[in-house]
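Undergrad: I'd like to ask some things about the structure below.
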Amino acid sequence: MSDILRRLYSEQSQSPWLDNLQRSYITSGKLQQLVHDGVRGLTSNPTIFQKAIQGSADYDVQFASAIGRGLTPLQAYWELVTQDIHGASEVFSELYEKSQAIDGYVSVEVDPRLAQDSAATLTAARQLHEDVNRPNVMIKIPATLEGLPAIQSMIAEGRNVNVTLIFSLERYQMVIDAYINGLRERASQGLDLKNIASVASFFISRVDNEIDKQLNANGSSVALELRGTSAINQARLAYELFQNAFSGKEWESLAALGAQVQRPLWASTSTKNPTYKDTLYVDELIGPFTVNTLPDATLNAFADHGEVERTIDKGLEQAHKQWNSLVDLGINVADISRQLEQEGVASFINSFEELIDALVVKAEALK
Numbered sequence: 218m219s220d221i222l223r224r225l226y227s228e229q230s231q232s233p234w235l236d237n238l239q240r241s242y243i244t245s246g247k248l249q250q251l252v253h254d255g256v257r258g259l260t261s262n263p264t265i266f267q268k269a270i271q272g273s274a275d276y277d278v279q280f281a282s283a284i285g286r287g288l289t290p291l292q293a294y295w296e297l298v299t300q301d302i303h304g305a306s307e308v309f310s311e312l313y314e315k316s317q318a319i320d321g322y323v324s325v326e327v328d329p330r331l332a333q334d335s336a337a338t339l340t341a342a343r344q345l346h347e348d349v350n351r352p353n354v355m356i357k358i359p360a361t362l363e364g365l366p367a368i369q370s371m372i373a374e375g376r377n378v379n380v381t382l383i384f385s386l387e388r389y390q391m392v393i394d395a396y397i398n399g400l401r402e403r404a405s406q407g408l409d410l411k412n413i414a415s416v417a418s419f420f421i422s423r424v425d426n427e428i429d430k431q432l433n434a435n436g437s438s439v440a441l442e443l444r445g446t447s448a449i450n451q452a453r454l455a456y457e458l459f460q461n462a463f464s465g466k467e468w469e470s471l472a473a474l475g476a477q478v479q480r481p482l483w484a485s486t487s488t489k490n491p492t493y494k495d496t497l498y499v500d501e502l503i504g505p506f507t508v509n510t511l512p513d514a515t516l517n518a519f520a521d522h523g524e525v526e527r528t529i530d531k532g533l534e535q536a537h538k539q540w541n542s543l544v545d546l547g548i549n550v551a552d553i554s555r556q557l558e559q560e561g562v563a564s565f566i567n568s569f570e571e572l573i574d575a576l577v578v579k580a581e582a583l584k
């Protein structure tokens, strides 16, 4: 692989993370090689684990052992996941130390079925954090309205959080507020703010996917010219929010106590539209203090023919103008963001439940 992933960080201070995890990546040494090539962290989700566990025999021996010890299929699932997270966190541990807790993180998601239950999400997030028990692990919590209090509490308790499924600027501001309020709460108790890390995961391609449908339906020349711009524009406006939130006297007072900024993370960065360049959502979102989490195909494409230059704040005035023009075309971005959030949560729930159902069947066959 080329040195382009390493250059992303050395030249532009953006951290490329891998959006995938399966046991063979750990046991074969592939994950270690990716770290050598410049990958600086890793994210997972219920869909990724469904594909990994159902798509190979790598987990069969451990699963059979877990069932033989009397664990339920759901308990066995979390044991399988925890072993993968432990293995990946070990691979990234040296980078975590060398980066002084900036990178080297592995993210694992709470049960997505709890996304609309604040108390249950917090309880599950705490338990998962304690079960994994690694300093370089982030607990993924959806950015639902119900998830926000759990996010704030986890940060106040000194636990790392990857806030996932962000689809709107308004919700992103709430996520920033939850993070900063969590830090303030912790600081007010005289507790250490050092080595607490968080990322705010903005989902990119799904925004274009949905807005492009409505632009096509509109059919005007103005509408058609905006296709493929909305997701990037929104991300650039999000980066502007990030810069404003993590500057000034109030933030500097927390930074003086050792607080890290909550970095924007660009997720869902594979292009769904085959007419768009396969590295579109990497090339156009490069900038300091950001993370881009890449599925394998996008990572390989960028390593092959991506371009390393700062683009995240390029054409900001045009981004504002084009984003605002969606209203004039009758496109309700607030409704779209709510729809995408609901679909995102539902997709993770479906993957989670399909996998557990398959494990129940597998467990019955072992009896």
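Converting from the sequence shown to our numbering requires adding 217 to each position, the first position being numbered 1.
Backbone N, C-alpha and C fix where the C-beta goes; we use that ideal spot for every residue, glycine too.
(1) Once the 5 residues before and after Ile270 are set aside, which same chain residues still bring their CB inside 7 angstroms of it?
(2) Thinking C-beta only, is Leu225 closer than 7 angstroms to Val525?
(3) Is Gly590 helix, strand or coil when you go by DSSP?
(4) Using only alpha-carbon positions, find the residue among Leu454, Thr361 and Ala373 that is nearest to Asp334.
(5) How would you write the range of the alpha helix (DSSP H) that Glu307 sits in, first residue to last?
(6) Measure the CB-CB distance between Thr528 and Asp236 and report whether it falls below 7 angstroms.
(7) Given the structure, does Val578 come close to the ligand NAP, in the sense that its CB is under 6 angstroms from one of the ligand's heavy atoms?
(8) Taking the CB atoms as reference points, tell me whether Thr488 and Leu497 lie closer together than 7 angstroms.
(9) Are there 16 or more other CB atoms within 10 angstroms of the CB of Thr381, so buried, or fewer, so exposed?
(10) Quick one: give me the first and last residue of the beta strand (DSSP E) that Val525 is part of.
(11) With 16 other CB atoms within 10 Å as the buried threshold, where does Pro491 fall?
(12) Sort out for me which residues DSSP pairs Ser232 with in a bridge.
(13) In this structure, how does DSSP classify Gly287 when only helix, strand and coil are distinguished?
(14) Ignoring anything shorter than 4 residues, give me the alpha helix (DSSP H) runs that lie fully in the region 404-477, in order along the chain.
(15) CA-CA distance, Trp468 and Trp483?
(16) By the 10 Å Cβ neighbour count, where 16 or more other Cβ atoms means buried, how is Asp545 classified, buried or exposed?
(17) Would you please state the rounded distance, in angstroms, between the beta carbons of Phe463 and Val478? I believe it to be under 8 angstroms.
(18) In this structure, what does DSSP give as the bridge partners for Trp483?
(19) Report all residues from its chain with a CB closer than 7 angstroms to the CB of Pro512; omit the five preceding and five following residues, and keep chain order.
(20) Can you look up Lys357 in the DSSP assignment and give me helix, strand or coil?
TA: Reading it off the structure:
(1) Tyr276, Leu297 and Leu572
(2) yes
(3) Look at the range of the chain in this structure, 218 to 584, and you will see that residue 590 is not part of it.
(4) Thr361
(5) Pro290 to Lys315
(6) no
(7) As far as ligands go, the structure on display features none, and thus does not contain the ligand NAP.
(8) yes
(9) buried
(10) Neither: Val525 is in no beta strand (DSSP E) and is coded neither H nor E.
(11) exposed
(12) Val508
(13) coil
(14) 422-435, 438-442, 447-462 and 465-472
(15) 23 angstroms
(16) exposed
(17) 4 angstroms
(18) Phe419 and Asn509
(19) Asp236, Asn237 and Ser487
(20) strand
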